[in-house]
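A quick write-up on the structure given underneath.
Number of protein chains: 2
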Amino acid sequence: MGEPGNARDGKTRKAARLIDVARLANVSRATAARALGGYGVVTQETQRKVAEAATALDYRVNDLARSMRSGKTLTIGVVVADISNSFTLNSIRGIIDASASAGYQSLVLNTDGDVRREREAIRVLREKRVDGLLVVPASRIEVDHLAGGRGHGAPVVLFDRFIDDLPLDSVITADFEASRAAINLFVQHGHRRIGLLLGTAAHHGHQESEPHDTVSAVRERARGAMAGFADANLTVNSAWVRYAGSVAPTALAAARHLLAQSPRPTAVLAGNEEMLLGALAAAEEIDLTIGQDLSLIGFDDAPWLAVFRPPLSVVQRPTYELGRQAVTLLLSKVEGDRRPNSIVLPATLVSRASVARIGS
Amino acid sequence: MGEPGNARDGKTRKAARLIDVARLANVSRATAARALGGYGVVTQETQRKVAEAATALDYRVNDLARSMRSGKTLTIGVVVADISNSFTLNSIRGIIDASASAGYQSLVLNTDGDVRREREAIRVLREKRVDGLLVVPASRIEVDHLAGGRGHGAPVVLFDRFIDDLPLDSVITADFEASRAAINLFVQHGHRRIGLLLGTAAHHGHQESEPHDTVSAVRERARGAMAGFADANLTVNSAWVRYAGSVAPTALAAARHLLAQSPRPTAVLAGNEEMLLGALAAAEEIDLTIGQDLSLIGFDDAPWLAVFRPPLSVVQRPTYELGRQAVTLLLSKVEGDRRPNSIVLPATLVSRASVARIGS
DNA sequence: CATTTCAATGAGATCGATCTCTTTTTCCAA
DNA sequence: TTGGAAAAAGAGATCGATCTCATTGAAATG
Numbered sequence: 000m001g002e003p004g005n006a007r008d009g010k011t012r013k014a015a016r017l018i019d020v021a022r023l024a025n026v027s028r029a030t031a032a033r034a035l036g037g038y039g040v041v042t043q044e045t046q047r048k049v050a051e052a053a054t055a056l057d058y059r060v061n062d063l064a065r066s067m068r069s070g071k072t073l074t075i076g077v078v079v080a081d082i083s084n085s086f087t088l089n090s091i092r093g094i095i096d097a098s099a100s101a102g103y104q105s106l107v108l109n110t111d112g113d114v115r116r117e118r119e120a121i122r123v124l125r126e127k128r129v130d131g132l133l134v135v136p137a138s139r140i141e142v143d144h145l146a147g148g149r150g151h152g153a154p155v156v157l158f159d160r161f162i163d164d165l166p167l168d169s170v171i172t173a174d175f176e177a178s179r180a181a182i183n184l185f186v187q188h189g190h191r192r193i194g195l196l197l198g199t200a201a202h203h204g205h206q207e208s209e210p211h212d213t214v215s216a217v218r219e220r221a222r223g224a225m226a227g228f229a230d231a232n233l234t235v236n237s238a239w240v241r242y243a244g245s246v247a248p249t250a251l252a253a254a255r256h257l258l259a260q261s262p263r264p265t266a267v268l269a270g271n272e273e274m275l276l277g278a279l280a281a282a283e284e285i286d287l288t289i290g291q292d293l294s295l296i297g298f299d300d301a302p303w304l305a306v307f308r309p310p311l312s313v314v315q316r317p318t319y320e321l322g323r324q325a326v327t328l329l330l331s332k333v334e335g336d337r338r339p340n341s342i343v344l345p346a347t348l349v350s351r352a353s354v355a356r357i358g359s
Numbered sequence: 000m001g002e003p004g005n006a007r008d009g010k011t012r013k014a015a016r017l018i019d020v021a022r023l024a025n026v027s028r029a030t031a032a033r034a035l036g037g038y039g040v041v042t043q044e045t046q047r048k049v050a051e052a053a054t055a056l057d058y059r060v061n062d063l064a065r066s067m068r069s070g071k072t073l074t075i076g077v078v079v080a081d082i083s084n085s086f087t088l089n090s091i092r093g094i095i096d097a098s099a100s101a102g103y104q105s106l107v108l109n110t111d112g113d114v115r116r117e118r119e120a121i122r123v124l125r126e127k128r129v130d131g132l133l134v135v136p137a138s139r140i141e142v143d144h145l146a147g148g149r150g151h152g153a154p155v156v157l158f159d160r161f162i163d164d165l166p167l168d169s170v171i172t173a174d175f176e177a178s179r180a181a182i183n184l185f186v187q188h189g190h191r192r193i194g195l196l197l198g199t200a201a202h203h204g205h206q207e208s209e210p211h212d213t214v215s216a217v218r219e220r221a222r223g224a225m226a227g228f229a230d231a232n233l234t235v236n237s238a239w240v241r242y243a244g245s246v247a248p249t250a251l252a253a254a255r256h257l258l259a260q261s262p263r264p265t266a267v268l269a270g271n272e273e274m275l276l277g278a279l280a281a282a283e284e285i286d287l288t289i290g291q292d293l294s295l296i297g298f299d300d301a302p303w304l305a306v307f308r309p310p311l312s313v314v315q316r317p318t319y320e321l322g323r324q325a326v327t328l329l330l331s332k333v334e335g336d337r338r339p340n341s342i343v344l345p346a347t348l349v350s351r352a353s354v355a356r357i358g359s
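Which chain is which? The protein sequence lines are W and P, in order.
The first sequence maps to residues 0 to 359 in numbering that gives the first Met the number 0.
The second sequence maps to residues 0 to 359 in numbering that gives the first Met the number 0.
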């Protein structure tokens, strides 16, 4: 007597379980499960009784128990490097919409580009027994945690980045081509001193040489730019190339450094939203007018670009669609497809007023 | 024989369970659990054996089973109305950091301000047996799903919005005061024709009267503005007040409408990031110069505001801190604290060049 | 040496839903 | 009225970790 927690009175007691519903409806657990789950055969009458009992008790299935029994969680894990930027946000919308319409939940975790947090995130998601993983890997070196390990077979699909020598499918955009096209545009407008502002992981510093552990997306953009330079027979001035951690102060510092060179580049390709903001801030500081003293191209459209003047040229990537396709691919893996299959979507260069024609 | 899935060979078989570790280490499940869980008493020797076995088998605990047994998931659910805006993003960072350091995971779901999606999100999270819920409610009318219902006692804390007559704790900012201060600033600069652009749920339309189901944050901002008008003995011109769904096209349409009035307001308070972008776009269309022809104040700082010219005045809210405090409050509820406790953090009006002084 | 006292470990129950395999019931035909 | 098939429902096992409550064994004490 006095034992707390028994479900006698209707007040704030323990949550009703299937067995409580079954008792109230005067049937067995199995029958109650059939009635609620909509499988097997049940009388209309039984169906009604069970449904009534469930309503009366405010029964909600315990997803933990169900997943444990079924071995499926109907959940995918999404591990992104930077949840703040427009690219990721739109991709996530695509991911969530696509997985929801396939009956899957998405759990999104953010790593800020930190491999340790990524490893931790993947561990947690695996412990939660997600059915599949979509990962924007923070490193191309430390990748051991991506391979599932014995029996932890939840398939992994890489998002926006690929890793050489690792047999994982990926869904990416054509960064090389996009970057090359951006450089070509600069060249067509007469630019010959072109700077590169490339955002890398969120370390706090910037440098001129490619960091040893540079993710594919950035590397491809760098290589695409180099190809663009080669197209125009330009030699690369390494003082005009800057790799910087993707946080506002670092981006700003790198941009300042770039614009303090002499001679100063007349055009800058910014590798992501942070770098673009850094370039704009640095240019403002030394009174350079965008689209006049300095030409700019960024990566990825963002809402604020609609009101920024002058309008900025950007590489537009199919973010939402990228997310959708990644989910489709991942779920095919979840359902057992073993064929390797990577997807590359094209990017579009949108030319706006931020690229000026300069004297011949 | 030939049965698939038995864990004999070391290849890609089933994931190791506790019992597999126990067998390999020649101990019972109970002992293995003690050794791995770090509770109870175990010999150094046993500890070593078990640890070795676990490593050898690449054992990972099954969180589903653990949570089921323990009744705790060490997870909180976060249901936000719009994951895209800077306010939410920063808040989420605060929420994630605070909950992580308390040993909790955060599951973030987005509703886009749609009550149906909110209801669904909360249902899913409750089925996943989260220990607590942080919700930015989309409606102040449809709130039945917020109350846990019999035994589904995961506590709920409201975030950024409160609901009258519902005994739920909330963590909000002083929107009334902030809004009033914004109007006061306009008035001090000589403005007497002041427009209001208030963002509501994501329906597609805009109107001059307050929608019946307006969330507290918006309502408080409206009332704060009214108080500001009263402070200056201004009567409200309802043609200068616009409630609009928080999606780009609607925001733009509402802003256009507002600026098409005759006489046209000389100053506009934009209730969120979308409305601010809408106002900027509409002003641009009819060649109004911000900080000259039109004064503007927005809500919440965003990264792009650092490079936008002229610098825009905004109400700055302590987003990250708001998230942290919400988690602290929620976790105290999770651990059984029953005392009602709501938190209001102050907002700061940051005055920048977008507010012009106009002739007396 | 017998007995007490811990330290260390093991056996088995438990969490809640589902699923396989009976068992019971129903209904129709011979 | 009885056999038999089909329909409906029930019993019990299962998923994997944890926790309570024995039980074992060894050291310590008289």
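Think of the CB as a built atom: it goes at the ideal place given N, C-alpha and C, for glycine as much as any other residue.
Predicted, not measured: the structure shown is a model, and the values here were computed from it.
So which of Gly131/P, Gly297/P, Arg47/P and Ala173/P has the shortest CA-CA distance to Leu196/P?
-> It is Gly297/P whose Cα lies nearest to the Cα of Leu196/P.
Inspect the beta-carbon positions of Pro154/W and Leu145/W and report whether they are closer than 8 angstroms.
-> Note that the C-beta distance between Pro154/W and Leu145/W is not below 8 angstroms.
Where do the ends of the beta strand (DSSP E) carrying Asn232/P lie?
-> Premise fails: Asn232/P is in no beta strand (DSSP E) and is neither H nor E.
Tell me, please, whether the CB atom of Arg191/P is closer than 8 angstroms to any CB atom in chain W?
-> Under the Cβ distance rule, Arg191/P does not count among the residues neighbouring chain W, no pair being separated by less than 8 angstroms.
Nearest-angstrom Cα distance between Asp174/W and Gly335/W?
-> Going from the Cα of Asp174/W to the Cα of Gly335/W covers about 30 angstroms.
What runs of the alpha helix (DSSP H), each 4 residues or longer, lie entirely inside the region 223-288 of chain W?
-> Correct list: 247-258 and 272-284.
Between the region 47-77 of chain P and chain W, which residues of the former have a C-beta closer than 8 angstroms to a C-beta of the latter?
-> Correct list: Leu56, Asp57, Arg59, Val60, Asn61, Asp62, Leu63, Ala64, Ser66, Met67 and Thr72.
Start-to-end residues for the beta strand (DSSP E) that takes in Phe298/P | Counting along the chain, the unbroken beta strand (DSSP E) around Phe298/P starts and ends at Ser294 to Phe298.
Taking Cβ-Cβ distances shorter than 8 angstroms, what residues in chain W pair up with Ile18/P?
-> Contact of Ile18/P with chain W by beta-carbon distance below 8 angstroms is absent, the smallest such distance being about 14 angstroms.
Do we get a CB-CB distance below 8 angstroms when we pair Glu283/W with the residues of chain P?
-> For Glu283/W, the closest Cβ of chain P is nearer than 8 angstroms.
Where Leu184/P sits in the DSSP three-state scheme | The answer is helix: DSSP assigns Leu184/P an H, G or I state.
Since Ser83/W meets chain P, which of its residues come closer than 7 angstroms, beta carbon to beta carbon?
-> Chain P residues near Ser83/W: Leu88.
Would you call the region 163-177 of chain P and the region 106-118 of chain P in contact, with 3 or more CB pairs under 8 angstroms?
-> The region 163-177 of chain P, when compared against the region 106-118 of chain P, does not touch it at the 8 angstroms Cβ threshold.
Delimiting residues of the alpha helix (DSSP H) encompassing Thr110/P | In the DSSP assignment, Thr110/P falls outside any alpha helix (DSSP H) and carries neither an H nor an E.
Note down the Cα distance separating Ala360/W from Leu63/W, rounded to an integer number of angstroms.
-> Because residue 360/W is not part of the residues shown, which for chain W are 0 to 359, the question remains open.
With a cut-off of 8 angstroms, does the C-beta of Phe175/W fall near any C-beta of chain P?
-> Chain P contact via Cβ: absent.
Element boundaries [beta strand (DSSP E), containing Leu132/W] = Taken as a continuous stretch (DSSP letters only), the beta strand (DSSP E) holding Leu132/W covers Gly131 to Val134.
Exposed or buried, which one is Asn5/P when buried takes at least 16 other CB atoms within 10 Å?
-> Legend: pLDDT at Asn5/P = 35, less than 50; position of this residue unreliable, value from coordinates given subsequently. By the neighbour-count rule (16 or more Cβ atoms within 10 Å), Asn5/P is not buried but exposed.
Chain-ordered neighbours of Val123/W on chain P, where CB pairs are closer than 7 angstroms | Chain P residues near Val123/W: Gln104.
Candidates Ala301/P, Glu219/P and Asp230/P, of which the one nearest Arg139/P by Cα | Comparing C-alpha distances from Arg139/P to each of Ala301/P, Glu219/P and Asp230/P shows the shortest one belongs to Glu219/P.
If you compare alpha carbons, which of Gly76/W, Asp143/W and Ala352/W is closest to Thr288/W?
-> Ranking Gly76/W, Asp143/W and Ala352/W by Cα distance to Thr288/W puts Ala352/W first.
Look up Ile193/W in the DSSP assignment and say whether it is helix, strand or coil.
-> In this structure, Ile193/W counts as strand in the three-state DSSP scheme.
Counting only beta-carbon atoms, is Trp303/P nearer than 8 angstroms to chain W?
-> Contact with chain W is found for Trp303/P, since one of that chain's Cβ atoms lies less than 8 angstroms from the residue's Cβ.
Cβ neighbours of Ile357/W in the same chain (closer than 7 angstroms, five flanking residues each side left out) = Within its own chain, the residues whose Cβ lies closer than 7 angstroms to the Cβ of Ile357/W, once the five positions on either side in sequence are excluded, are His188, Gly189, His190 and Thr265, listed in chain order.
Would you kindly report the start and end of the unbroken alpha helix (DSSP H) that includes Ile75/W?
-> Per DSSP, Ile75/W belongs to no alpha helix (DSSP H); it is in the beta strand (DSSP E), Thr74 to Val79.
Distance CB(Val267/P)-CB(Leu257/P) smaller than 8 angstroms | It is a contact, given that the beta carbons lie within the stated cut-off.
Minimum C-alpha distance to Leu279/W - residue among Ala253/W, Gln260/W, Pro302/W and Pro262/W | It is Ala253/W.
What three-state label does DSSP hand Ala6/W in the structure shown?
-> Annotation note: pLDDT 36 at Ala6/W (below 50); position unreliable, no value reported.
State yes or no: is the beta carbon of Phe298/W nearer than 8 angstroms to at least one beta carbon in chain P?
-> The beta carbon of Phe298/W sits no closer than 8 angstroms to any beta carbon of chain P.
For the beta strand (DSSP E) that Asp168/P lies in, which residues bound it at each end?
-> Asp168 to Thr172 is the extent of the beta strand (DSSP E) around Asp168/P.
For Val362/P, does the three-state DSSP call read helix, strand or coil?
-> Because chain P is modelled from 0 through 359, residue 362/P falls outside the range shown and cannot be assessed.
Can you find a CB in chain W that lies within less than 8 angstroms of the CB of Phe158/P?
-> At a cut-off of 8 angstroms, the C-beta of Phe158/P has no neighbouring C-beta in chain W.
Members of the region 268-295 of chain W near chain P, C-beta cut-off 7 angstroms | Contact residues of the region 268-295 of chain W toward chain P are Leu276, Leu279, Ala280 and Glu283 (C-beta to C-beta distance below 7 angstroms).
Chain W residues whose Cβ lies nearer than 8 angstroms to that of Arg128/P = By Cβ distance, chain W contributes Asn61, Asp62 and Leu63.
In the region 232-254 of chain W, which residues sit with their C-beta less than 8 angstroms from some C-beta in chain P, listed in chain order?
-> Of all residues in the region 232-254 of chain W, only Ala247 come within less than 8 angstroms of chain P when Cβ atoms are compared, listed by chain position.
Are any of the Cβ atoms in chain P nearer than 8 angstroms to that of Val135/W?
-> It does not: the Cβ of Val135/W has no partner Cβ on chain P nearer than 8 angstroms.
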